[in-house]
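> Chains A and B are the protein sequences, given in the same order.
All residue numbers for the first sequence refer to the working numbering, where the first residue is 7 and numbers rise by one.
All residue numbers for the second sequence refer to the working numbering, where the first residue is 7 and numbers rise by one.
The beta-carbon is built from N, C-alpha and C at its ideal position, and this holds for glycine as well.
Have a look at this one.
2 protein chains.
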Amino acid sequence: MTASSPSTGAFAPLQSDSFLRACLRQATDHTPVWLMRQAGRYLPEYRDTRAKAGSFMGLATNTDYATEVTLQPLDRYPLDAAILFSDILTVPDAMGLGLSFALGEGPKFAKSVRDETAVAALAVPDMDKLRYVFDAVTSIRRALNGRVPLIGFSGSPWTLACYMVEGAGSDDYRHVKTLMYARPDLMHRILAINADAVAAYLNAQIEAGAQAVMVFDSWGGVLADGNFQTFSLAYTARVLAQLRREHAGARIPRIVFTKGGGLWLDDMGRLDCEVLGLDWTVNLGRARAAVGGQAGGPGKALQGNIDPNVLFADPRQIAAEVERTLASFGAPHQAPAGDPDQVGPTHIFNLGHGISQHTPPDHVAALVEAVHAGSRRMRQH
Amino acid sequence: MTASSPSTGAFAPLQSDSFLRACLRQATDHTPVWLMRQAGRYLPEYRDTRAKAGSFMGLATNTDYATEVTLQPLDRYPLDAAILFSDILTVPDAMGLGLSFALGEGPKFAKSVRDETAVAALAVPDMDKLRYVFDAVTSIRRALNGRVPLIGFSGSPWTLACYMVEGAGSDDYRHVKTLMYARPDLMHRILAINADAVAAYLNAQIEAGAQAVMVFDSWGGVLADGNFQTFSLAYTARVLAQLRREHAGARIPRIVFTKGGGLWLDDMGRLDCEVLGLDWTVNLGRARAAVGGQAGGPGKALQGNIDPNVLFADPRQIAAEVERTLASFGAPHQAPAGDPDQVGPTHIFNLGHGISQHTPPDHVAALVEAVHAGSRRMRQH
Numbered sequence: 007m008t009a010s011s012p013s014t015g016a017f018a019p020l021q022s023d024s025f026l027r028a029c030l031r032q033a034t035d036h037t038p039v040w041l042m043r044q045a046g047r048y049l050p051e052y053r054d055t056r057a058k059a060g061s062f063m064g065l066a067t068n069t070d071y072a073t074e075v076t077l078q079p080l081d082r083y084p085l086d087a088a089i090l091f092s093d094i095l096t097v098p099d100a101m102g103l104g105l106s107f108a109l110g111e112g113p114k115f116a117k118s119v120r121d122e123t124a125v126a127a128l129a130v131p132d133m134d135k136l137r138y139v140f141d142a143v144t145s146i147r148r149a150l151n152g153r154v155p156l157i158g159f160s161g162s163p164w165t166l167a168c169y170m171v172e173g174a175g176s177d178d179y180r181h182v183k184t185l186m187y188a189r190p191d192l193m194h195r196i197l198a199i200n201a202d203a204v205a206a207y208l209n210a211q212i213e214a215g216a217q218a219v220m221v222f223d224s225w226g227g228v229l230a231d232g233n234f235q236t237f238s239l240a241y242t243a244r245v246l247a248q249l250r251r252e253h254a255g256a257r258i259p260r261i262v263f264t265k266g267g268g269l270w271l272d273d274m275g276r277l278d279c280e281v282l283g284l285d286w287t288v289n290l291g292r293a294r295a296a297v298g299g300q301a302g303g304p305g306k307a308l309q310g311n312i313d314p315n316v317l318f319a320d321p322r323q324i325a326a327e328v329e330r331t332l333a334s335f336g337a338p339h340q341a342p343a344g345d346p347d348q349v350g351p352t353h354i355f356n357l358g359h360g361i362s363q364h365t366p367p368d369h370v371a372a373l374v375e376a377v378h379a380g381s382r383r384m385r386q387h
Numbered sequence: 007m008t009a010s011s012p013s014t015g016a017f018a019p020l021q022s023d024s025f026l027r028a029c030l031r032q033a034t035d036h037t038p039v040w041l042m043r044q045a046g047r048y049l050p051e052y053r054d055t056r057a058k059a060g061s062f063m064g065l066a067t068n069t070d071y072a073t074e075v076t077l078q079p080l081d082r083y084p085l086d087a088a089i090l091f092s093d094i095l096t097v098p099d100a101m102g103l104g105l106s107f108a109l110g111e112g113p114k115f116a117k118s119v120r121d122e123t124a125v126a127a128l129a130v131p132d133m134d135k136l137r138y139v140f141d142a143v144t145s146i147r148r149a150l151n152g153r154v155p156l157i158g159f160s161g162s163p164w165t166l167a168c169y170m171v172e173g174a175g176s177d178d179y180r181h182v183k184t185l186m187y188a189r190p191d192l193m194h195r196i197l198a199i200n201a202d203a204v205a206a207y208l209n210a211q212i213e214a215g216a217q218a219v220m221v222f223d224s225w226g227g228v229l230a231d232g233n234f235q236t237f238s239l240a241y242t243a244r245v246l247a248q249l250r251r252e253h254a255g256a257r258i259p260r261i262v263f264t265k266g267g268g269l270w271l272d273d274m275g276r277l278d279c280e281v282l283g284l285d286w287t288v289n290l291g292r293a294r295a296a297v298g299g300q301a302g303g304p305g306k307a308l309q310g311n312i313d314p315n316v317l318f319a320d321p322r323q324i325a326a327e328v329e330r331t332l333a334s335f336g337a338p339h340q341a342p343a344g345d346p347d348q349v350g351p352t353h354i355f356n357l358g359h360g361i362s363q364h365t366p367p368d369h370v371a372a373l374v375e376a377v378h379a380g381s382r383r384m385r386q387h
């Protein structure tokens with residue numbers, strides 16, 4: 007083991023593989039569940055750690071703090087996966103754009119990328135600038151000690167470009183779309199650099215210990231039909247083509263989530279990835295019919311898709327919504343006796359977007375319990 | 007003619023009926039075009055009138071000012087329809103919730119509707135409180151003097167409820183969705199009242215002179231699959247069922263636009279209305295195949311759907327995007343000789359959402375010119 011490349015051979019064996027099996031469309035005894043942004047502000051212990059760290063980036067760049075907050079939700083709930091605590095915008099930060107988060111506000115870049123000069127200055131960053139992320143991955147993987155698998159992630163090339171051009175979040179994407187419509191050559195240049203950077207970044211997370219990776223295309227859904235395929239999907243595909251398929255003898259499933267991408271599910275079904283994330287506007291049964299495949303055949307595992315606002319109802323109502331979501335996907339894949347790894351349609355339960363900071367923590371317990379109990383019951387029928 | 011019910015018999019005959027014909031799926035010699043929010047802040051003459059009026063509501067409630075700004079874009083561009091200058095939230099304002107607009111910000115209500123007591127206090131408002139809108143409709147119709155048809159409009163029951171419960175715009179719809187998930191009984195009560203109020207409001211606009219009406223379901227797209235049908239679409243249908251089909255001997259087409267509703271196009275295809283509005287995420291050719299119908303058969307006219315941000319590109323690029331949009335819909339309905347009113351698939355060109363206040367006015371001229379010229383060329387092939 008060297009300082010620059012921590013060994014991953016020493017990781018403890020995995021005790022709970024339902025998430026990874028479901029990603030690979032293998033049967034499980036329950037529907038695995040994790041929640042986007044599960045380590046976050048709705049947890050008082052997270053707010054305590056963030057207060058100690060001083061800022062969001064102080065939290066994300068400190069290995070011990072990042073490890074601590076990643077494990078917090080696992081100590082409360084029997085979740086089936088952990089996800090690296092970080093931000094989707096670390097890559098453009100490493101490109102020198104200067105990421106910061108004012109308390110209670112969204113991300114902001116010190117520099118935005120809106121003209122030929124700014125685009126010419128962009129390059130795939132030295133991955134050493136993202137060492138803090140890879141160190142966190144290895145530290146979290148060790149701390150998990152095999153409890154559940156660890157998911158790494160990045161923003162998609164298009165989503166990173168949205169923030170890089172706008173300089174912050176936006177409600178109309180005026181600047182990034184102006185660049186796209188008026189200077190498609192510059193936009194393609196940004197996206198190609200982003201794709202290669204994201205691929206290197208995710209591969210380094212895999213080498214550091216991530217057991218699955220997810221691409222968050224949070225803003226793909228703001229694009230026009232046609233432009234989504236050209237400016238978002240094609241560059242997500244460019245990332246996927248460069249990713250490691252396995253590491254240390256294990257397959258590394260790749261998840262792609264386009265918020266608002268339900269209309270383009272058929273296109274996404276052709277991506278070279280194992281899992282598609284879906285938001286709550288999508289009918290899970292129809293998505294399964296479109297891209298979920300048949301037993302013994304090819305297809306995508308589906309991840310999602312309950313509205314995070316369901317968690318503001320009472321626990322009885324949350325359980326009813328969970329039942330509705332499980333039923334919408336329908337009976338999950340159950341492997342025939344003697345062929346436990348035969349593939350078929352699988353569902354990974356999640357929210358359709360990140361959990362709200364206002365969520366009562368005990369409502370999350372009700373959701374996780376309902377997913378586990380309800381999905382076990384489904385398998386007994 | 008009485009003060010309480012201005013006669014509409016005196017209106018000048020219509021000189022340009024391509025918009026109304028296209029709504030009814032009748033052939034036209036070009037694709038009609040108008041733009042959502044075409045009377046608005048991107049026009050310097052609008053900003054001048056608004057400055058005189060002092061506030062947005064000062065503008066909307068003054069018949070002369072509302073007439074003046076409605077006609078401003080028609081004096082610049084050969085648009086095929088006018089749309090009443092007003093706001094989608096006049097109905098809840100008339101319910102006593104106190105609508106206001108701070109400069110540069112979105113709408114805000116003095117009171118929000120979040121509990122049983124507030125819901126119990128809601129009722130269909132006395133339409134006399136909206137007299138300023140009906141007076142504006144009649145005044146605009148007179149001022150148009152038959153140049154182009156006048157469209158009336160309202161927010162949809164669900165979209166009104168979003169603002170009524172949130173008290174303003176929102177980025178997560180937490181309060182309205184909490185009410186929906188936790189107290190569906192209260193949400194249904196709000197929506198039933200809204201639907202009946204919107205129907206009365208649109209019928210009064212029709213009686214005052216509106217020649218078509220549009221329901222803006224601006225926030226239908228934030229709902230989960232299943233909830234959209236239950237909490238938005240069903241109440242839009244309740245509005246449509248109560249609307250006048252004709253007035254003063256003319257049919258009154260009804261347009262429904264759900265932003266982000268592309269996934270539910272088949273459901274919307276069953277609405278009792280003539281036209282469906284589409285945003286830019288929808289493929290016009292696929293939408294036409296799904297709900298546009300065949301020559302001589304039933305179906306919906308389609309309205310949309312270019313990304314308003316296209317208007318930030320240069321005029322040559324705008325023209326290319328217009329061509330792409332026209333081609334995406336494909337060859338429009340052309341009636342056989344001897345049967346000019348035979349129905350078939352038609353397209354009404356529009357943006358997929360309201361025009362941005364930052365739009366250069368001469369770019370709008372380029373778009374309108376490209377629609378008219380390109381769609382005339384298409385009909386010659």
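#1: Give me, in chain order, the residues of the same chain whose beta-carbon lies closer than 6 Å to that of S55 (chain B); leave out the 5 immediate sequence neighbours on both sides.
#2: Taking CB distances under 8 Å as the criterion, tell me whether K265 (chain B) reaches chain A.
#3: Once DSSP output is grouped into helix, strand and coil, what is the label at I89 (chain A)?
#4: For R47 (chain A) and chain B, any beta-carbon pair shorter than 8 Å?
#5: Does any CB atom of chain B fall closer than 8 Å to the CB of A372 (chain A)?
#6: Taking the alpha helix (DSSP H) that K306 (chain B) belongs to, which residues open and close that run?
#7: Runs of 3 residues minimum, wholly inside the region 100-181 of chain A: which ones carry the beta strand (DSSP E) assignment?
#8: According to DSSP, G283 (chain B) sits in a beta bridge with which residue or residues?
#9: Let me check one thing: in DSSP terms, what residues is H194 (chain A) bridge-paired to?
#10: Which value, in whole angstroms, describes the spacing of the CA atoms of L95 (chain A) and D285 (chain A)?
#11: In terms of alpha-carbon separation, which member of A:S238, A:R148, A:Q217 and A:S106 lies closest to G175 (chain A)?
#12: Which residues does DSSP list as the beta-bridge partners of N356 (chain B)?
#13: Taking buried to mean at least 16 other C-beta atoms within 10 Å of its own C-beta, is A4 (chain B) buried or exposed?
#14: Pick helix, strand or coil for V288 (chain B), following the three-state DSSP scheme.
#15: At a CB distance below 7 Å, what residues from the region 273-290 of chain A approach chain B? Give them in sequence order.
#16: Check the Cβ-Cβ distances between R294 (chain A) and every residue of chain B, and say whether any is below 8 Å.
#17: In the DSSP assignment, the beta strand (DSSP E) including F222 (chain B) goes from what residue to what residue?
#18: At 4 residues or longer, and completely inside the region 12-36 of chain A: list those alpha helix (DSSP H) runs for me, N to C.
#19: Tell me whether H387 (chain A) sits in a helix, a strand or coil according to DSSP, three-state version.
#20: In whole angstroms, what separates the C-alpha of S92 (chain B) from that of A66 (chain B)?
#21: Tell me the rounded alpha-carbon separation between A9 (chain A) and F140 (chain A).
#22: State yes or no: is the C-beta of V154 (chain A) within less than 8 Å of the C-beta of D86 (chain A)?
#23: Taking the C-alpha atoms as reference points, what is the distance between D273 (chain B) and I212 (chain A)?
#24: Assuming contact is defined by CB atoms lying nearer than 8 Å, are T242 (chain A) and V262 (chain A) in contact in what I supplied?
#25: Answer yes if the region 44-63 of chain A comes into contact with the region 294-311 of chain A, meaning at least three C-beta pairs across the two stretches below 8 Å, and no otherwise.
#26: I'd like the ranges of any beta strand (DSSP E) spanning at least 3 consecutive residues and lying wholly in the region 314-373 of chain B.
#27: Under 8 Å between C-beta atoms, does T165 (chain B) make it to chain D?
#28: Is the beta carbon of V328 (chain A) closer than 8 Å to that of A312 (chain A)?
#29: At the level of alpha carbons, what is the spacing between I258 (chain A) and L156 (chain A)?
#30: Please tell me whether A116 (chain A) and L103 (chain A) are closer than 8 Å, where the distance is taken between their beta carbons.
#31: Helix, strand or coil for A254 (chain B) per DSSP?
#32: For F159 (chain A), which residues in chain B fall below 8 Å Cβ to Cβ?
#33: For the alpha helix (DSSP H) containing L271 (chain B), list its first residue and its last residue.
#34: 8 Å is my cut-off, CB to CB: does V316 (chain B) come that close to chain A?
#35: Output, in sequence order along the chain, the residues in the region 219-249 of chain A whose CB is closer than 9 Å to any CB in chain B.
#36: Between the region 145-154 of chain B and the region 21-36 of chain B, can you find at least three pairs of beta-carbon atoms closer than 8 Å?
Per the coordinate set shown:
#1: For clarity, residue 55 (chain B) is Thr in the given sequence; the question names Ser instead. Result list for T55 (chain B): Y71, E74 and V75, in chain order.
#2: no
#3: strand
#4: no
#5: no
#6: No alpha helix (DSSP H) contains K306 (chain B), which DSSP labels as neither H nor E.
#7: If we require 3 residues or more, the beta strand (DSSP E) runs fully inside the region 100-181 of chain A come out as 105-107, 113-115 and 156-161.
#8: B:F263 and B:Q309
#9: BP columns for H194 (chain A) are empty, so no partner.
#10: 21 Å
#11: A:S106
#12: Within the DSSP bridge table, the entry for N356 (chain B) names B:N311 as partners.
#13: With chain B represented from 7 up to 387, any question about residue 4 (chain B) goes unanswered, as that position is not in the structure.
#14: coil
#15: W286, T287, V288 and N289
#16: no
#17: Going by DSSP, F222 (chain B) is part of the beta strand (DSSP E) stretching over A218 to D223.
#18: 24-29
#19: coil
#20: Rounded to whole angstroms, S92 (chain B) to A66 (chain B) spans 5 Å at the Cα level.
#21: Because A9 (chain A) carries a pLDDT of 38, less than 50, the predicted location of this residue cannot be relied on, and the following value inherits that uncertainty. One C-alpha to the other measures close to 12 Å.
#22: yes
#23: 43 Å
#24: In contact: T242 (chain A) and V262 (chain A) (Cβ atoms closer than 8 Å).
#25: The answer is no - the region 44-63 of chain A does not touch the region 294-311 of chain A, with fewer than three Cβ pairs under 8 Å.
#26: With a minimum length of 3 residues, the continuous beta strand (DSSP E) runs that stay inside the region 314-373 of chain B are 353-357.
#27: The chain inventory of the structure shown lacks chain D, comprising the protein chains A and B.
#28: Here residue 312 (chain A) turns out to be Ile, not Ala, going by the sequence shown. It is a contact, given that the beta carbons lie within the stated cut-off.
#29: 11 Å
#30: yes
#31: In the structure shown, A254 (chain B) sits in coil (DSSP, three-state: anything other than H, G, I, E or B).
#32: The premise fails here: F159 (chain A) is roughly 21 Å from chain B at the closest Cβ pair, so nothing lies under 8 Å.
#33: Note, L271 (chain B): alpha helix (DSSP H), L271 to G275.
#34: Closer than 8 Å: yes.
#35: G227, V228, L229, A230, D231, G232, N233 and F234
#36: Yes, since at least three Cβ pairs between the region 21-36 of chain B and the region 145-154 of chain B fall closer than 8 Å, the two stretches touch.
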